[in-house]
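I have placed the structure first, in the form of structure tokens, so that the comments after it can refer back to it.
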């Protein structure tokens, strides 16, 4: 059984458990997950014994090449085409994920007899195995190597955007499809903005450098952050760096199947708070990584999802002293039962 | 009046005309349009005389730097924070755009007393002026120059992904923030797939090359496509190329304020049909370009939006002979009253 057939079979088990007739997938990453086909404006309907893709005519031949195991319905009017197929098949309980439909579309599906059901794909997609796991690992290796290659080139006068351009190019040259998100390159006081937007600011002597980046390989993402000091670090920088470093290492060591996201968050947060910087750790500790750069499970104070073997998450505590500097350290981690593995080290 | 104040004032005029009390903006591009702040998880509420941004604590200082003219509400729970502010202000008729909210969120807003109203921002964002117009022009110039720089480097043995990597790097080096979408680099038979995904396929002698690309400058996009033959073109390629070229030129010449999207589509489609290739032009003729690579107005058989001065659209007819080759030619065009201006030439 190939991977897509297995995933469709897993979905059917869930449909059967939940006593549902069919699931409509409309999000591009969900459609890719079950078909290998990655284009917008394509939806897949999975019933107990059949699957149908609704696609524009322009994608038909391409879809057939990639996913011949799914029947195709070429649509002129997408919504009507889906409803008409559901009616034709006599499906009584077809569900869609209300988080991935616009309000306009959700209302249309509901008026057409569909029902809401959240999280079916989320629960499957959280666990990575086989080729997707290898893809994440490769994406992580490319990122880690890129940092090693770029670090010696970061010198006085270089602009944040130059570093971003060089890193994107280096990742591409190693086989990455693209960056996994807009790289955050932050010099000096910009490092105190957790989501700083890479600018034309130039690096000066004796400044911190924060680099948050990742790439996509085989459609799977990596995510890592490194902070270092260019020149002679101040005592305050060294102190803050040491706290974040220890908090991050403790968090990474704490990542084990069976624990919840909020447990990992607490490990990092408690350490930083005990060190007197609690109020400057102003975001969650991490997130799942996969086809999307941010996905379930979320590692924050509200993270109730229990970690399981095969999940991939980030651990990225930080301390941000607005107007001065910030430090964040982040790795992408493969969750294990007895031992978890940082993939970006 | 600065540009953001003007846009907020334009929104208030529409609110007044429609007898509404307030508009909730949640889409990142809409929030940027009125504030200059570009981050997820930030919403803006515009009332008749005030504006409020709802933001996570981690963005607060940054937001204040960029958009001090908007009041800030730091939220712990986003949805409750918005509803509580609406209640506090006693707003009776607050609207949201149902296309930009998930079904889950839309239901929440409706249960909290908000109402649906589509297209307020769409109607404003369609017309480009001042700095945003300059940004599109620069994004187009960078793209056009990049094509000139890359074309001589496209030779036997180069891979599609290599061309993409080099082009992205060239655009970055000219000041682009990033590519405006995943570049489509298609050699040989891949050119017959309108949304081909750039692959590791190598270029051979005597093959067509299709390149669909663009970049982002100052957050505004450009979009263009060129098709050429590497080596000795076949008679069939020359014939098809000539038809698409003439159809595209006729379409571009037809772009004038007062016409509708479907009129432009008909010019291109009729020409290609009359040449005997109608069934191989399997997509719409174009789309608006701005903060998003695809936005209103859409130029297709159903395009009812009347073109107005200051709109920016693409004209991109194509002929796709599956298994053989495809030709698409595309420019980004500034709509004028008496004369429209191709920006990517």
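Chains as they are written, first to last, in this note's numbering: chain A, 2 to 346; chain B, 2 to 346.
A virtual CB, placed ideally from N, CA and C, is assigned to each residue, including glycine.
The structure displayed is predicted, hence computed values, not measured ones.
Notebook entry, point to check: Can you name, in chain order, every residue of its own chain whose Cβ lies under 8 Å from the Cβ of residue 2/A, other than the five neighbours on each side?
Noted result: 10
Check: For the segment 303-331 of chain A, which segments carrying the beta strand (DSSP E) assignment without a break, of at least 3 residues, lie completely within its bounds, in sequence order?
Finding: 313-316, 319-322 and 326-329
Next item on the list: Note down, in chain order, all residues in the segment 219-242 of chain B with a beta-carbon under 7 Å from any beta-carbon belonging to chain A.
Entry: none
Item checked: the segment 196-203 of chain A in contact with the segment 306-317 of chain A per 3-pair CB rule at 8 Å -> no
Item checked: Straight-line Cα distance separating residue 247/B from residue 270/B -> 11 Å
Check: Counting Cβ pairs, one atom from each stretch, are 3 or more of them under 8 Å apart for the segment 256-272 of chain B and the segment 289-309 of chain B?
Finding: yes
Notebook entry, point to check: Enumerated in chain order, which unbroken segments of the beta strand (DSSP E) with a length of 3 residues or greater are wholly contained in the segment 30-55 of chain A?
Noted result: 44-48
Item checked: Within 8 Å, strictly: CB atoms of residue 210/A and residue 182/A -> no
Checklist line | Whole-angstrom distance between residue 195/B and residue 127/B, CA atom to CA atom | finding: 25 Å
Next item on the list: In the DSSP assignment, find the alpha helix (DSSP H) that holds residue 238/B and state where it starts and stops.
Entry: 236-255
Margin query: Looking only at its chain, what residues have a beta carbon closer than 8 Å to the beta carbon of residue 261/A, apart from the 5 residues adjacent to it on each side?
Written below: 304, 305, 306, 307 and 308
Check: Are the C-beta atoms of residue 105/B and some chain A residue less than 8 Å apart?
Finding: yes
Next item on the list: Indicate whether residue 38/B and residue 82/B have their beta-carbon atoms separated by less than 8 Å.
Entry: no
Next item on the list: Report yes or no: is there a C-beta of chain B within less than 8 Å of the C-beta of residue 283/A?
Entry: yes
Margin query: Out of 21/B, 289/B, 226/B and 50/B, which one is the CA nearest neighbour of residue 186/B?
Written below: 226/B
Check: Given a threshold of 16 other Cβ atoms within 10 Å of its Cβ, counted over all protein chains shown, does residue 233/B qualify as buried or as exposed?
Finding: exposed
Next item on the list: Spell out whether any CB of chain A is found under 8 Å from the CB atom of residue 2/B.
Entry: no
Next item on the list: Tell me where the alpha helix (DSSP H) around residue 169/B begins and ends.
Entry: 161-174
Margin query: Here's a check: name, in chain order, each residue in its chain whose Cβ is nearer than 6 Å to the Cβ of residue 147/B, leaving out the five neighbours to either side.
Written below: 168, 171 and 172
Checklist line | Residue-chain proximity (residue 266/A, chain B), Cβ-Cβ < 8 Å | finding: no
Margin query: Closer than 8 Å between beta carbons: that is the criterion. Which residues of the segment 31-55 of chain A meet it against chain B?
Written below: 39 and 40
Next item on the list: Leaving out five residues on either side along the sequence, give the residues of the same chain with a beta carbon under 6 Å from the beta carbon of residue 67/B.
Entry: 37 and 38
Item checked: Rounded C-alpha distance that separates residue 174/A from residue 166/B -> 7 Å
Checklist line | the segment 51-81 of chain B: positions lying closer than 8 Å to chain A by Cβ | finding: 57, 58, 59, 60, 62 and 63
Item checked: DSSP state of residue 135/A mapped onto helix, strand, coil -> helix
Check: Run through DSSP, which three-state label would residue 103/B get?
Finding: strand
Next item on the list: Decide yes or no for the touch test of the segment 107-118 of chain B against the segment 97-115 of chain A: beta carbon pairs closer than 8 Å, at least 3 of them.
Entry: yes
Next item on the list: Compile a chain-ordered list of the residues in the segment 308-319 of chain A whose CB is closer than 9 Å to at least one CB of chain B.
Entry: none
Check: Of all the options 283/B, 231/B and 216/B, which has the alpha carbon lying nearest to the alpha carbon of residue 245/B?
Finding: 283/B
Check: Just to confirm, are residue 311/B and residue 130/B a CB contact at a threshold of 8 Å?
Finding: yes
Check: So the beta strand (DSSP E) residue 62/A belongs to, where does it begin and stop?
Finding: Careful: residue 62/A lies outside any beta strand (DSSP E), inside the alpha helix (DSSP H) at 61-67.
Check: In three-state DSSP terms, what is residue 209/A?
Finding: strand
Item checked: Residue span of the alpha helix (DSSP H) that contains residue 269/A, given as start and end -> 262-275
Check: Within 8 Å (strictly less), CB to CB, does residue 209/B reach chain A?
Finding: no
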